[in-house]
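Reading through the structure tokens given below for one structure.
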Amino acid sequence: MKADQLPRLGVLLREWRRRRRLSQLDLSLLADVSARHLSCVETGRARPSRTMLLRLASALEVPLRERNALLLAADYAPAYRESSLDDRSMASVRAALGTMLTAHEPYPAVVVDRWWNVVTGNRAMPLLMDGIPHHLLEPRPNVYRLALHPEGLAARVVNLGEVRDLFLERLRRQVDATGDGDLRVLYEEVSRYPAPPGPEPDSSPDPSASTPDPSAPAPIQVPLRLRTPHGELSLFSTMATFGAPADVTLSELAIELFYPLDAFTTEVLGALPLPPGPGPL
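Using our numbering, the letters of the sequence shown map in sequence onto residues 292 to 572.
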């Protein structure tokens, strides 16, 4: 082992521990490791076993990509493979994604990677992608650029201030949790996009929508209120991920599913024709 490898491992572990706001004693209890031994590992005076290092990474909730980096820093082989979604071994994953996306139609759904790049979407996604300039779609569209760039969806989002604050807070928390440099660059880029001037527009629904029920409950979360040729649509979304992944690529995939927040949006989405052709994957 090179002389500088153990100190580098210690620096990485200490960074993850501080990112999780844990003391050495906290982490030692979570990972069932001696606090003294953990201190020696962080200062480079001891080398953890492969098993111990993986146990520490698990206790720290380190993403699989970074767990491999910890192992390499200790001169161990990576524990998790990184497959292409096109690999034969990922056929069942592609099938599962295709089933979820297709079953969600006529509502939009999209698969994204760790950096919020769009991997694929279902046939309802043109509702959100229509009119987006090519420079925001190539080489691959990114959800944050699509949503917040002034030439993207931002020009059509009625409550842009709310949506912008929500998106930036979500991305900032992800940067803090992962320490990912590419995500930090993305955050710095999209946070510089212009914010909407003045207060949010009136939150009353579009005149083309049905008359709201004053006794109806408030929205369950910040909606995406979108101007379209069909009227103002109101959507909310949920995120789904794969449970217990053992592959880096799989661990970094997420599916964002959009749902209508009112009867008018439900009616419009149900009536829109979907493009012909097979499923998305």
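Backbone N, C-alpha and C define an ideal beta-carbon position, used for all residues, glycine too.
query: In whole angstroms, what separates the C-alpha of N408 from that of Q465?
result: N408 and Q465 have their C-alpha atoms some 15 angstroms from each other.
- prompt: Under a Cβ-count criterion, where at least 16 other Cβ atoms within 10 Å of its own Cβ denotes burial, should R461 be classed as buried or exposed?
  reply: Under this definition R461 is an exposed residue.
- prompt: Helix or strand or just coil, what does DSSP make of T334?
  reply: Coil.
task: Report the option in V302, L300, E306, R299 whose CA atom is closest to the CA atom of D467.
output: Comparing alpha carbon positions, the residue from V302, L300, E306, R299 closest to D467 is E306.
- prompt: Using 8 angstroms as the Cβ pair cut-off and three pairs as the minimum, do the stretch 428–445 and the stretch 396–414 touch?
  reply: By the Cβ rule, the stretch 428–445 counts as touching the stretch 396–414, because three or more pairs are nearer than 8 angstroms.
- prompt: For H440, is the classification buried or exposed, using 16 other Cβ atoms within 10 angstroms of its Cβ as the cut-off for buried?
  reply: That one is buried.
Expected contact under 8 angstroms - CB spacing of A382 and E396 to nearest Å: Actually they do not touch by this definition, with Cβ atoms about 22 angstroms apart.
query: Using 8 angstroms as the limit for Cβ to Cβ distance, is L462 near chain D?
result: Here chain D cannot be found, since the structure has a single protein chain.
field: Pairwise C-alpha distance: V403 and A348
entry: The alpha-carbon atoms of A348 and V403 are separated by roughly 24 angstroms.
As assigned by DSSP and simplified to three states, the class of R414: In the three-state reduction of the DSSP assignment, R414 falls in the coil class.
message: So the candidates are R463, E547, E558; which of them puts its Cα closest to the Cα of N413?
response: Of all alpha-carbon atoms in R463, E547, E558, the one lying nearest the alpha-carbon of N413 is that of E547.
field: Given R436 as reference, the closest of A337, F458, P417 once Cα atoms are compared
entry: Comparing Cα-Cα distances from R436 to each of A337, F458, P417, the minimum goes to F458.
query: From R311 to R299, what distance separates their C-alpha atoms?
result: So the alpha carbons of these two residues sit roughly 19 angstroms apart.
Extent of the continuous beta strand (DSSP E) run through A545: Start and end: 545–551.
task: Using 10 angstroms around the beta-carbon of A394, count the other beta-carbons present and answer buried if the total reaches 16, otherwise exposed.
output: Sixteen is the threshold: since fewer than 16 other Cβ atoms of the shown chains lie within 10 Å of the Cβ of A394, the residue is exposed.
With 16 other Cβ atoms within 10 Å as the buried cut-off, status of L560: Flag for L560 reads buried.
message: Please classify G472 as buried or exposed, where buried requires at least 16 neighbouring CB atoms within 10 angstroms.
response: Its Cβ having fewer than 16 others within 10 Å, G472 is exposed.
field: Three-state class that DSSP yields for N359 in the structure shown
entry: Under the three-state reduction of DSSP, N359 is assigned to helix.
- request: Kindly list the residues whose CB is nearer than 7 angstroms to the CB of Y371, restricted to its own chain and excluding five residues on each side of it in sequence; keep chain order.
  value: Closer than 7 angstroms at Cβ, skipping near neighbours: L355, R358, N359, A537, D538, V539.
field: R309 versus D317: straight-line alpha-carbon distance, rounded
entry: When the Cα atoms are used, R309 and D317 turn out to be separated by approximately 11 angstroms.
- request: Using 10 angstroms around the beta-carbon of P566, count the other beta-carbons present and answer buried if the total reaches 16, otherwise exposed.
  value: So P566 counts as exposed.
field: Contact set for R341: own chain, Cβ-Cβ below 6 angstroms, skip 5 residues either direction
entry: So the qualifying residues of the chain are Y367.
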